[in-house]
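Worksheet for the structure shown next.
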Amino acid sequence: MMAGEEADAARFMAVALALGRRGLGNTWPNPAVGAVAVRDGVLVGRGWTQPGGRPHAEVEALRRAGEAARGATLYVTLEPCSHHGKTPPCADAIIAAGIARVVSALDDPNPEVAGQGHARLRAAGIAVEVGAGAAHARRDHAGHILRMREGRPLVTLKLAVSADGKAGLAGRKPVAITGEAARRRAHLMRAMHDAILIGIGTALADDPALTCRLPGMESRSPVRVVLDAALRLPLEARLVRTARETPVWLFADAAAADVRAQALRGLGVDVLRLDASGGRFDPAAVLGALAGRGITRVLVEGGPMVAASFIAADLVDEAALFRSDVVVGPGGIDAIDGLPLDALTQSPRLRRIGDETIGADRLETFARA
1191 MMAGEEADAA RFMAVALALG RRGLGNTWPN PAVGAVAVRD GVLVGRGWTQ PGGRPHAEVE
1251 ALRRAGEAAR GATLYVTLEP CSHHGKTPPC ADAIIAAGIA RVVSALDDPN PEVAGQGHAR
1311 LRAAGIAVEV GAGAAHARRD HAGHILRMRE GRPLVTLKLA VSADGKAGLA GRKPVAITGE
1371 AARRRAHLMR AMHDAILIGI GTALADDPAL TCRLPGMESR SPVRVVLDAA LRLPLEARLV
1431 RTARETPVWL FADAAAADVR AQALRGLGVD VLRLDASGGR FDPAAVLGAL AGRGITRVLV
1491 EGGPMVAASF IAADLVDEAA LFRSDVVVGP GGIDAIDGLP LDALTQSPRL RRIGDETIGA
1551 DRLETFARA
């Protein structure tokens, strides 16, 4: 590309990426793609993957562009699909619309695509360029990429930590550590993930709802996942009472009582069986099972034991550490069971990518190095 074309590609791909991020947490099992159609330097159509994964971003952008798509350039954050799924291939729609050029950020690692979408476009005489905005696209599509390549979703670990490194009071009694502004940010994070995961200890101690409670975003609540080897989740728990409104997937040991499982299923809870050695699940096996159900992004909000298990298994891809000035005291429980906080903040596997003030609290963010 010439210098002017590179500048245009960077500018319009940035728009496509911003549009794609609107779908994070809302498009699984499909990736959250963004696309814009541009003709003579003017944006004539824009689209992003719709809830549930369809229509795809390219089809939405072409629909809005109409006849203006003929001879235009389509900027898209991931290779257009080339296979028949629940919708026809996007590559065919692009060809039919008369698009002259496609600028794509990444090849799609999905083996059903894997370069075939770009090849189909080139065979139809469309100019195809790959790589604009690739670094940002890799992060936005990290969950999809991990699911395709490693058979697991992206894992974001979220922790709220007091000034003295504690996550709660002794006896797992809950305590308010962060303020309202930090809680609102945490709810936004929930909306941008396909699933939220906790252990049974947190479920019993807090009786949480685990929904997104930002005004107007209640429908963006993620699937709620509970690790409960012995099926101890009370039938009157808030998670159970609302299971028909927002899905609850509960992992139980293969040997746990079937009568209890049937009672939970009768109330709308999806009980999944998985071997739990010593009452604890292998995090990798849990993630594999979630990926098999289409989950691409998981927010781990579990207590200190769950956090420690994912850190020890080297399965934390991103982390959000909310730091508070609140002091819990020596009787409190550590944020990460059996590990110092440095196991996260000083991990050679992670690098700090952000540090911001949110109300009275501070948020540090980390990503896999």
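Throughout, my numbering is defined as the position within the sequence shown, counted from one, plus 1190.
Backbone N, C-alpha and C define an ideal beta-carbon position, used for all residues, glycine too.
So, with DSSP's three-state summary, where would you put I1523?
strand
Beta-ladder partner(s) of L1489, from DSSP:
Beta-bridge pairing links L1489 to T1346 and I1386.
For R1541, report the span of its beta strand (DSSP E) as first-last.
L1540 to I1548
Would you please verify whether the beta carbon of A1222 is less than 7 Å from any beta carbon of chain D?
No chain D is present in this structure, which holds just one protein chain.
Using beta-carbon positions only, say whether R1328 and P1299 come within less than 7 Å of one another.
Not in contact: R1328 and P1299 (Cβ atoms no closer than 7 Å).
Sequence-distant residues of its chain with Cβ nearer than 7 Å to R1513 (five each side left out):
V1351, D1551, R1552 and E1554
Please specify which runs of the alpha helix (DSSP H), each continuous and at least 4 residues long, are wholly inside the stretch 1228–1294, giving them in chain order.
1247–1255 and 1280–1287
Can you tell me whether P1520 is buried or exposed? The criterion is at least 16 other CB atoms within 10 Å of its CB, across all chains shown.
exposed
Cβ shell of I1335 (< 6 Å), same chain only, five flanking positions each side left out
P1299
Does the stretch 1489–1506 touch the stretch 1451–1459, meaning 3 or more C-beta pairs lie closer than 8 Å?
no
Out of L1480, T1486 and D1443, which one is the CA nearest neighbour of G1469?
D1443
Check S1467 in the structure and name its three-state DSSP category.
strand
CB-CB under 7 Å to A1475, same chain, minus the five flanking residues each way: which ones, in chain order?
L1464
When the Cα atoms are used, what is the spatial distance from W1238 to H1377?
22 Å
What are the boundary residues of the alpha helix (DSSP H) that E1554 is part of?
Not the alpha helix (DSSP H): E1554 falls in the beta strand (DSSP E), residues D1551 to R1558.
Which word fits P1241, buried or exposed, when buried means at least 16 other C-beta atoms lie within 10 angstroms of its C-beta?
Burial call: exposed.
Assign D1418 to one of three DSSP states: helix, strand, or coil.
coil
Environment of V1562 [buried if 16+ CB atoms lie within 10 Å]
There is no way to answer for residue 1562, as the model of the chain reaches only from 1191 to 1559.
Quick one: what's E1302 bridged to in DSSP?
Answer is none; E1302 lacks a bridge partner.
Report yes if the C-beta distance between R1410 and L1400 is below 7 Å; otherwise report no.
no
Who are the Cβ neighbours of H1383 in its own chain at under 6 Å, not counting the five residues just before and after it?
G1215, P1412, R1487 and L1489
Report the rounded CA-to-CA distance for M1203 versus E1269, giving the unit in angstroms.
Their Cα atoms are separated by approximately 13 Å.
Please classify T1547: is it buried, with 16 or more other beta-carbons within 10 angstroms of its beta-carbon, or exposed?
exposed
Flag this pair as yes or no: are the beta carbons of G1544 and A1498 separated by less than 7 Å?
no
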